[in-house]
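Quick notes on the structure that follows.
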Amino acid sequence: MEWRVRTCVTAIGLGTALLLVGSLWPELGSAAEAGDAGRVHEVKKGDTLWDLSTSYLRDPFLWPAIWEANRSHIADPHWIYPGQRFLIPPMYVPPEAKVPTEAEAPPEEPIEVEETAAVDFVTEAAPQLAVARDLAHKAGFITDVELPGGFIVASIQDEREDLIRHDVVYINLGSDDGTMVGDCFTVYRLDRNVRHPKTGRNLGRLVRVIGQLCVTAVQERTSTAMIMESYDPLRVKDRITPYREIWIQADERPVITDLATEGVLVTTRDEKDVIWPFDVVYIDKGSHDSIVPGDIFTVHQPGEQVRDPASGETLRLPEQIVGSIQVLSVNEATAAAYVAATSETREMKVGDRVRLYAKMPPAGE
């Protein structure tokens, strides 16, 4: 639902949405104690900015106003957590007018109109990430180490096996394990072992990320949690590991580079013979090779061998570019990427060479 909300606000314009809040925004600093002039809401399980805007501002499309007023607490408007306290920006709502009776009809008096200077509202544009954070999170990764964490052990949805967004579950981590309300966990399943297609070296297990949950209540050995995202249906006995936010550079674009970084496309998330645009793939280059989310690789295949009819010698034709991929997330030795483009004449496949084409600028420059 949040994605559709963001699309709608983009259509009407964020500045327009914020303008609708009125000219009381400069008073936000003292609004926390101002009663109806500005309220504080403590987030409860299931709350979204869309819901808060509907309840307090009487219009769900004004949710950017709440986001803007709490930027220091809301890194991403898609993610708010129980226990957070948000300032609700004041909004003037005119009282319902009483229709006068004939006996109460007010005398006609001239109305003085006071001219006021126009006020320009300037809003800061939301940062544009190099790649979408949710796409990076659900891309999964390859690892050769055991992940810390636990399991989903039960659900209040006894009548069905598949669990989805906003369902409530129980995990086998509690206060004895240091778990606290607001902690978030990635839900995953261990998939197949991945071996390097060229060397045969074991690269580790493919971790298939299927969702995210956040803790709403803690007991000694267990915790209650709400499913915040479900990319696939979740189930009891699915594994969880502490959520690790993926660092993604904002407001920058990759630039063409002459760095000679080459690797191999080692596997796909979904085992398949034909690789299509937007499929998720994995390469054998990672943070140890200075690769970061947003970097772009071209995918290459060697040229065909042909026989020279004049000399009879075998000739190797030039290699061909069969597509491009953009990095979503990195581990030390591998990276997840999505397929940005493919060739119309040749199919991309596991084992193809990848070559760094464009690189994100160093952070802070």
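So the sequence shown is residues 1 to 365, counted in full-length UniProt numbering. For glycine and all other residues, C-beta sits at the position ideal for the given N, C-alpha and C. Every value quoted in this text rests on a predicted model; they were computed, and no experiment measured them.
*Flag this pair as yes or no: are the beta carbons of Leu282 and Val194 separated by less than 9 Å?*
Against the sequence shown, residue 282 aligns to sequence position 282. Against the sequence shown, residue 194 aligns to sequence position 194. A small fix is needed here, since residue 282 is Tyr in this sequence, not Leu. Contact flag set, yes.
_Once the 5 residues before and after Val43 are set aside, which same chain residues still bring their CB inside 8 Å of it?_
In the sequence shown, the residue the question calls residue 43 occupies position 43. Hits under 8 Å: Ile80, Tyr81, Pro82, Gly83, Gln84, Arg85 and Phe86.
*Would you mind stating whether Ala154 and Val181 have Cβ atoms separated by less than 9 Å?*
Taking the first residue of the sequence shown as 1, we reach residue 154 at position 154. Taking the first residue of the sequence shown as 1, we reach residue 181 at position 181. In this structure, Val181 does not lie closer than 9 Å to Ala154 by Cβ.
*With respect to the beta strand (DSSP E) encompassing Glu262, which residues constitute its N-terminal and C-terminal limits?*
Position 262 of the sequence shown, counted from the start, is the residue given in the question as residue 262. Note, Glu262: beta strand (DSSP E), Glu262 to Thr268.
*Excluding the 5 residues preceding and the 5 following Trp25 in the sequence, name in chain order all residues of the same chain whose CB lies nearer than 7 Å to its CB.*
The residue given as residue 25 occupies position 25 in the sequence shown. Low confidence applies to Trp25: its pLDDT is 34, below 50, so where it sits in the model is not reliable, and the reading given next is rough at best. Contacts found: Pro89.
*From what residue to what residue does the alpha helix (DSSP H) around Ala65 run?*
The count along the sequence shown starts at 1 and reaches residue 65 at position 65. DSSP places Ala65 in the uninterrupted alpha helix (DSSP H) bounded by Trp63 to Ala69.
_Opening and closing residue of the alpha helix (DSSP H) in which Asp134 lies_ = One-based indexing of the sequence shown puts residue 134 at position 134. Counted as a single uninterrupted DSSP element, the alpha helix (DSSP H) harbouring Asp134 occupies residues Arg133 to Lys138.
*Just the Cα atoms here: how many angstroms apart are Gly35 and Tyr56?*
Position 35 of the sequence shown, counting from 1, holds the residue named residue 35. Position 56 of the sequence shown, counting from 1, holds the residue named residue 56. For Gly35, the predicted structure reports a pLDDT of 37, less than 50, and the residue's modelled location is therefore unreliable. A value from the coordinates is still provided. Using only the alpha carbons, I get a separation of about 13 Å.
*asked:* Output needed for residue 370: all residues of its chain with C-beta closer than 6 Å, excluding positions within five of it in sequence on either side, in chain order.
replied: Any question about residue 370 goes unanswered here, given that the chain covers just 1 to 365.
*Boundaries (first-last residue) of the alpha helix (DSSP H) holding Asp51*: Within the sequence shown, numbered from 1, the residue matching residue 51 stands at position 51. Asp51 -> alpha helix (DSSP H) spans Leu49 to Tyr56.
_Does Arg4 pass the burial test, meaning 16 or more other C-beta atoms within 10 Å, or should it be called exposed?_
Locating residue 4 in the sequence shown gives position 4, counting from the first residue. Residue confidence for Arg4 is low, a pLDDT of 31 falling below 50, so the modelled location carries little weight and cannot support an answer.
*So, helix, strand or coil for Asp279, using DSSP?*
Taking the first residue of the sequence shown as position 1, residue 279 is located at position 279. Here Asp279 sits in coil by DSSP.
*beta strand (DSSP E) containing Ile210: first to last residue?*
Here residue 210 corresponds to residue number 210 of the sequence shown, with the count starting at 1. Going by DSSP, Ile210 is part of the beta strand (DSSP E) stretching over Asn202 to Val218.
*asked:* Less than 9 Å between the beta carbons of Thr334 and Phe141, yes or no?
replied: Working through the sequence shown from its first residue, we reach residue 334 at position 334. Working through the sequence shown from its first residue, we reach residue 141 at position 141. For the pair Thr334 and Phe141, the CB atoms are nearer than the 9 Å cut-off.
*Just grab the DSSP bridge partners of Asn331 for me.*
Against the sequence shown, residue 331 aligns to sequence position 331. DSSP, once it has assigned bridges, lists no residue as partnering Asn331.
*From the DSSP output, read off the bridge partner residues of His41.*
By 1-based counting over the sequence shown, the position of residue 41 is 41. BP columns for His41 point to Phe86.
*Closer than 8 Å by C-beta to Pro318: which residues in its own chain qualify, once you throw out the five before and the five after it? Chain order, please.*
Taking the sequence shown and counting its residues from 1, one reaches residue 318 at position 318. Closer than 8 Å at Cβ, skipping near neighbours: Gly303.
*In terms of residues, what are the limits of the beta strand (DSSP E) holding Met228?*
In the sequence shown, counting from the first residue as 1, residue 228 sits at position 228. Ser223 to Ser230 is the extent of the beta strand (DSSP E) around Met228.
*asked:* How far does the beta strand (DSSP E) with Ser155 in it extend, from its first residue to its last?
replied: Position 155 of the sequence shown, counted from the start, is the residue given in the question as residue 155. Counting along the chain, Ser155 sits inside the beta strand (DSSP E) bounded by residues Gly150 to Ser155.
*Does DSSP put Asp258 in a helix, in a strand, or in coil?*
The sequence position of residue 258 within the sequence shown is 258, counting from 1. Under the three-state reduction of DSSP output, Asp258 falls in the coil class, being neither helix nor strand.
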